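Numbering (my numbering), first residue to last: 7 to 634. Backbone N, C-alpha and C define an ideal beta-carbon position, used for all residues, glycine too. In this text the structure is predicted, and so the values were computed from the model without any measurement.
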């Protein structure tokens, strides 16, 4: 699986290695007989700043630490973890760029047959619950070695959490993995500080004050915000909601306090997040000498790399506050933007690279048009308790950048060898209304015929539950977009991304959304089925059936049938969905909408009867097969 060969002695002009070592021979080529830190990753090794382990490893290396990377080791073989020897300070474990359960399973809990972060897109290169499996293997390989866990999987599971795949509340992953420390979020400054303290003689489990870290302790320190215990939140939905809201209120780098949650005889102690990086720090990260390529030992392409190969990350963080999104929980809501000079330098290097064909596929971040946005009131920021800056209405202190980002995109487009600069990251339409210069330039120069936008829902009621702008903003943008195209004589289209099965969304709400799509002439190409992932407000609602911010009950589509019917309604234009649509309309008492949605003359009784007959026949056949 993912066999790699030794690439030889490869150095950049500044004598830094083009790739950090992944084997004993590559260590010896660098003159190393021992590592300081060994990274274990669920992803293939791509030496590119878009891949978290590569970024952190390069960062530690730039500060004088000898680091190696074990990409996708076979967790069933102890010798796979011994190839570079015992590290001097600690092992650092990450499941990779995705939660391993999201990576492996669809929203219907069906096994996926591909993995974008593995050569050839091959599935099965990482285990389920990879943080737990890798930590156990590493501790078995090196008795007494401190192991630090991190990445998106560990970050969002740092406290007791609802796990969709087992349909139960699980303990903190720190307790289950038996790690010595958990570092959450983007981790650069916390990991560097940890490495320095360990080099000075400390052990991770003894460090109780490191920002963005969690450790197991025998007693919660004085002044800590105590959450309802793991044992309590397993049994009591209101206690689960209470724990979620208390933890979220303290997840702020400026005013957050430590929180602790009892697990059996011990406590999980979580420190507040690290401060956001300033522009100089962020620029320095992207100036590190990445080769920007997969390790040369791989023989098959890595789909995730191919997707981002000619893209540029302009910023990190998101202040949207969407209920279903974990970005702010991991990256923070503060926008951390690179300087124009840093981005132009990366674009220039990319334009000169082998294989570049003139197109930069994306310049953006979690929301492309948040670049440069910031809070205009430092005092308000230090005391702010909002989870986002746009819902229920934009904050009066929000400064939405406009002209600088538009000017920067023009400068990128003027670089030698660059013919096209596209923005493929999503844009926030409610923010775009405050950015006329960027908005017009986006439509004129930076979309490739199809503009992908993510209203997520077109129901005003559901939008409030999602913490998203309502359909009125989307409709205004749609009218402006079409007017622009008529005036310019362009043939460009909008592709809306929508979510089926989100908490609060009923079949009736989805009927209204389907009618909205039909009446505005929009066709959805892809429908995202809501997947309850740890650490989000929407997952809290899914588990408890209650919106923890309002205390109101919300509808939850738990069964596969309702989720399937919600999805079918969004695909109203596909003939193969007609039968499911008729059943959806019947189930919610909306058969009156059939003519509007599917066209006049639809034989409602025939459609429903045929489907019922098919289901009975299928059930009978299944029973016969079972009896055989």
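Status (buried if at least 16 other CB within 10 Å, exposed otherwise) for residue i
{"i": "residue 347", "result": "exposed"}
{"i": "residue 452", "result": "buried"}
{"i": "residue 626", "result": "For residue 626, the pLDDT reaches just 45, beneath the cut-off of 50, and the residue's location in the model is therefore unreliable, leaving the point undetermined."}
{"i": "residue 405", "result": "exposed"}
{"i": "residue 549", "result": "buried"}
{"i": "residue 269", "result": "buried"}
{"i": "residue 26", "result": "buried"}
{"i": "residue 705", "result": "The question about residue 705 has no answer, for the chain in this structure spans 7 to 634."}
{"i": "residue 14", "result": "Its pLDDT being 45, under 50, residue 14 is placed unreliably by the model, and the measurement read from it follows with that caveat. Answer is exposed; the Cβ neighbour count stays below 16."}
{"i": "residue 159", "result": "buried"}
{"i": "residue 285", "result": "exposed"}
{"i": "residue 568", "result": "buried"}
{"i": "residue 494", "result": "exposed"}
{"i": "residue 58", "result": "buried"}
{"i": "residue 456", "result": "exposed"}
{"i": "residue 389", "result": "exposed"}
{"i": "residue 365", "result": "exposed"}
{"i": "residue 194", "result": "buried"}
{"i": "residue 489", "result": "exposed"}
Rounded Cβ spacing between residue i and residue j (contact assumed at less than 8 Å)
{"i": "residue 434", "j": "residue 396", "result": "7 Å"}
{"i": "residue 343", "j": "residue 378", "result": "5 Å"}
{"i": "residue 125", "j": "residue 306", "result": "4 Å"}
{"i": "residue 602", "j": "residue 524", "result": "7 Å"}
{"i": "residue 191", "j": "residue 161", "result": "6 Å"}
{"i": "residue 157", "j": "residue 101", "result": "6 Å"}
{"i": "residue 76", "j": "residue 24", "result": "At roughly 18 Å, the Cβ-Cβ gap does not stay under 8 Å, so residue 76 and residue 24 are not in contact."}
{"i": "residue 367", "j": "residue 296", "result": "Actually they do not touch by this definition, with Cβ atoms about 18 Å apart."}
{"i": "residue 539", "j": "residue 105", "result": "6 Å"}
{"i": "residue 115", "j": "residue 171", "result": "6 Å"}
{"i": "residue 546", "j": "residue 109", "result": "With 8 Å as the limit, residue 546 and residue 109 do not qualify as a contact, their Cβ atoms being about 22 Å apart."}
Limits of the unbroken beta strand (DSSP E) element including residue i
{"i": "residue 165", "result": "It is not in any beta strand (DSSP E) - residue 165 carries neither H nor E in the DSSP assignment."}
{"i": "residue 69", "result": "Counting along the chain, residue 69 falls outside any beta strand (DSSP E), and DSSP gives it neither H nor E."}
{"i": "residue 175", "result": "174-176"}
{"i": "residue 271", "result": "From DSSP, residue 271 is part of no beta strand (DSSP E); its letter is neither H nor E."}
{"i": "residue 183", "result": "Segment 179-183 is the alpha helix (DSSP H) holding residue 183; no beta strand (DSSP E) there."}
{"i": "residue 534", "result": "533-535"}
{"i": "residue 461", "result": "456-462"}
{"i": "residue 499", "result": "499-506"}
{"i": "residue 308", "result": "Here residue 308 belongs to no beta strand (DSSP E), and DSSP marks it neither H nor E."}
{"i": "residue 156", "result": "153-156"}
{"i": "residue 319", "result": "317-319"}
{"i": "residue 189", "result": "187-189"}
Contact check, residue i vs residue j, beta carbons under 8 Å
{"i": "residue 534", "j": "residue 505", "result": "yes"}
{"i": "residue 594", "j": "residue 530", "result": "no"}
{"i": "residue 432", "j": "residue 468", "result": "no"}
{"i": "residue 544", "j": "residue 509", "result": "yes"}
{"i": "residue 211", "j": "residue 187", "result": "yes"}
{"i": "residue 60", "j": "residue 73", "result": "no"}
{"i": "residue 180", "j": "residue 220", "result": "yes"}
{"i": "residue 278", "j": "residue 256", "result": "yes"}
{"i": "residue 71", "j": "residue 152", "result": "no"}
{"i": "residue 590", "j": "residue 513", "result": "yes"}
{"i": "residue 354", "j": "residue 421", "result": "yes"}
{"i": "residue 253", "j": "residue 233", "result": "yes"}
{"i": "residue 231", "j": "residue 273", "result": "no"}
{"i": "residue 642", "j": "residue 56", "result": "Residue numbering for the chain in the displayed model covers 7 to 634; residue 642 lies beyond these limits and cannot be assessed."}
{"i": "residue 214", "j": "residue 196", "result": "no"}
{"i": "residue 69", "j": "residue 200", "result": "no"}
{"i": "residue 542", "j": "residue 330", "result": "yes"}
{"i": "residue 322", "j": "residue 394", "result": "no"}
Any chain C beta carbon closer than 8 Å to residue i
{"i": "residue 555", "result": "Within the model displayed, chain C is absent; a lone protein chain is all it includes."}
Residue i: first and last residue of the uninterrupted alpha helix (DSSP H) it sits in
{"i": "residue 486", "result": "477-494"}
{"i": "residue 447", "result": "442-451"}
{"i": "residue 145", "result": "136-147"}
{"i": "residue 568", "result": "566-576"}
{"i": "residue 593", "result": "584-593"}
{"i": "residue 40", "result": "That residue, residue 40, is in no alpha helix (DSSP H); it is neither H nor E in DSSP."}
{"i": "residue 435", "result": "435-438"}
{"i": "residue 698", "result": "Because the chain in this structure spans residues 7 to 634, residue 698 falls outside the shown range and cannot be described."}
{"i": "residue 515", "result": "513-526"}
{"i": "residue 470", "result": "466-472"}
{"i": "residue 286", "result": "285-292"}
If you scan the stretch 325-409 from start to end, which runs of the alpha helix (DSSP H) of 4 or more residues do you find wholly inside it? 333-337, 346-357 and 384-389
Where are the alpha helix (DSSP H) runs, 4 residues long or more, that stay fully inside the stretch 90-133, in chain order? 106-110
Only counting runs of 4 or more residues, tell me where the alpha helix (DSSP H) segments fall wholly within the stretch 193-255, in order along the chain. 194-205 and 236-241
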